[in-house]
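Below is one structure, written out as structure tokens, with a few remarks after it.
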Amino acid sequence: MGLRGKLVAHLEVKCSGELFHDHFNSKPHHIPNISDKINHFEVHEGELGSVGTLVEWRFNYEGEERVLKQVIDHIDEEKKRITFKLVGGYFVDLYKEFKATLDAEENWISWTFEYEKQNEDIPEPITLLGIPIDLIKDIDSHHHNK
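Using UniProt numbering, read the sequence shown as starting at 1 and increasing by one per residue.
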């Protein structure tokens with residue numbers, strides 16, 4: 001088995017893709033108020049909506065609070081695409097490289113994880129992909145039920 005992998009999840013949503021792009025690009029600090037999956041969000045460097053911005057997420061994973069630090073690696077406003085690159089926190093010990101990309105189409109949201117594991121014993125991040133899936137569902141439900 002290889003150390004590199006790619007996981008993709010596609011979800012149909014009731015709200016517009018632009019709403020999701022906005023939440024993760026310029027309003028991620030609102031997500032802890034929308035979803036109980038996120039305990040805390042903080043900007044460490046830079047500005048929301050800008051490439052190079054360093055952000056921190058705190059969330060429960062496998063029964064413990066985990067910290068994930070990411071840099072906004074790429075933003076494509078036209079395609080409604082944002083790529084985050086893992087730079088710190090719990091998962092750095094598991095993955096040499098890890099990028100998460102959000103693609104927001106009109107009524108479809110996709111998350112793509114591209115990664116390289118530290119070694120063969122590290123599991124594929126399938127359960128980790130459940131977190132952004134749950135966030136999409138929570139955000140969609142929050143805005144659709146208003």
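Note that CB positions come from ideal geometry on N, CA and C, so glycine has one too.
Looking only at its chain, what residues have a beta carbon closer than 6 angstroms to the beta carbon of residue i, apart from the 5 residues adjacent to it on each side?
| i | result |
| --- | --- |
| residue 89 | 67, 68, 69 |
| residue 162 | Since the first and last residues shown for the chain are 1 and 146, residue 162 lies out of range. |
| residue 74 | 83 |
| residue 80 | 17, 21, 104 |
| residue 114 | 6, 99 |
| residue 134 | 37 |
In three-state terms, what does DSSP make of residue i?
| i | result |
| --- | --- |
| residue 33 | helix |
Identify which residue in the options has its Cα closest to the Cα of residue i.
| i | options | result |
| --- | --- | --- |
| residue 27 | 11, 58, 44, 48 | 48 |
| residue 7 | 140, 111, 142 | 111 |
| residue 92 | 126, 29, 116, 23 | 116 |
| residue 4 | 109, 125, 12, 37 | 125 |
| residue 78 | 106, 54, 136, 30 | 106 |
| residue 63 | 145, 135, 127, 144 | 127 |
| residue 37 | 136, 144, 145 | 136 |
| residue 144 | 2, 19, 9, 43 | 19 |
| residue 56 | 50, 29, 76 | 29 |
Go through its chain and collect everything with a Cβ distance to residue i's Cβ below 8 angstroms, but skip five positions before and after it.
| i | result |
| --- | --- |
| residue 39 | 32, 58, 59, 60, 65 |
| residue 108 | 10, 11, 12, 13, 17 |
| residue 119 | 3 |
| residue 95 | 86, 115, 116, 117, 118, 122, 125 |
Might you give, ordered along the chain, the residues of its own chain that have their beta carbon closer than 7 angstroms to the beta carbon of residue i, omitting 5 neighbours on each side?
| i | result |
| --- | --- |
| residue 85 | 70, 71, 73, 99 |
| residue 140 | 13, 14, 15 |
| residue 34 | 138, 139, 142 |
| residue 23 | 30, 31, 139 |
| residue 43 | 53, 55 |
What alpha helix (DSSP H) runs, 4 residues minimum, are completely inside the UniProt domain "Bet v I/Major latex protein" (2-146)?
Segments of the alpha helix (DSSP H) lying fully in the UniProt domain "Bet v I/Major latex protein" (2-146): 17-25, 31-34, 126-144.
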